[in-house]
Amino acid sequence: MKGALVCICLALFMALYGAEYVCNRDSNNEPDCTNASNLYVPIRNFYDPTRYWNCTSVSNNAASVGRCNGTGFDPTLMKCVNWTEWKWTPYCP
Numbered sequence: 000m001k002g003a004l005v006c007i008c009l010a011l012f013m014a015l016y017g018a019e020y021v022c023n024r025d026s027n028n029e030p031d032c033t034n035a036s037n038l039y040v041p042i043r044n045f046y047d048p049t050r051y052w053n054c055t056s057v058s059n060n061a062a063s064v065g066r067c068n069g070t071g072f073d074p075t076l077m078k079c080v081n082w083t084e085w086k087w088t089p090y091c092p
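Numbering (numbering that gives the first Met the number 0), first residue to last: 0 to 92.
And the structure:
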């Protein structure tokens, strides 16, 4: 009985933990800069294909970067590309 209770609690914890990191198509995809894996990584802005997010510090919010003047941000290549090369990709895999 105790083993079943532990398994249920563990499953509930994993479900709640996983729900926090699910891709939300209705958001602008601003990253959590307190997560060190997001530092200095260009991250797609769901609302504007000419912009991307950039975390420069774990203590600050992400900056919306608009360096793709006349081009679009390609989330696969993680850089700005010419519109002739840019392809729309689904927000959430």
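Don't be surprised by glycine CBs; every beta carbon is placed ideally from N, CA and C.
Open item on the list: Please report the straight-line C-alpha distance between C91 and R66, rounded to a whole angstrom.
Closed with: Going from the Cα of C91 to the Cα of R66 covers about 23 Å.
Open item on the list: Please state whether the Cβ-Cβ distance between P61 and E29 is less than 7 Å.
Closed with: For clarity, residue 61 is Ala in the given sequence; the question names Pro instead. Contact: yes.
Open item on the list: Using a Cβ-Cβ cutoff of less than 7 Å, which residues in the same chain neighbour D73 once the five nearest sequence positions on both sides are dropped?
Closed with: Result list for D73: V80, W85, in chain order.
Open item on the list: Mapping the DSSP letters down to three states, classify L15 as helix, strand or coil.
Closed with: Only weak support is given to the placement of L15: the predicted model assigns it a pLDDT of 41, under 50, and the question is left unresolved by the model.
- [ ] Specify the secondary structure class of N37 as computed by DSSP and reduced to three states.
- [x] Residue state, collapsed to three classes: helix.
Open item on the list: Below 8 Å on the Cβ atoms is my contact criterion, and I expect C32 with S56 to pass it. Report the Cβ-Cβ distance as a whole number of Å.
Closed with: Right, the Cβ-Cβ distance comes to about 7 Å (below 8 Å), so this counts as a contact.
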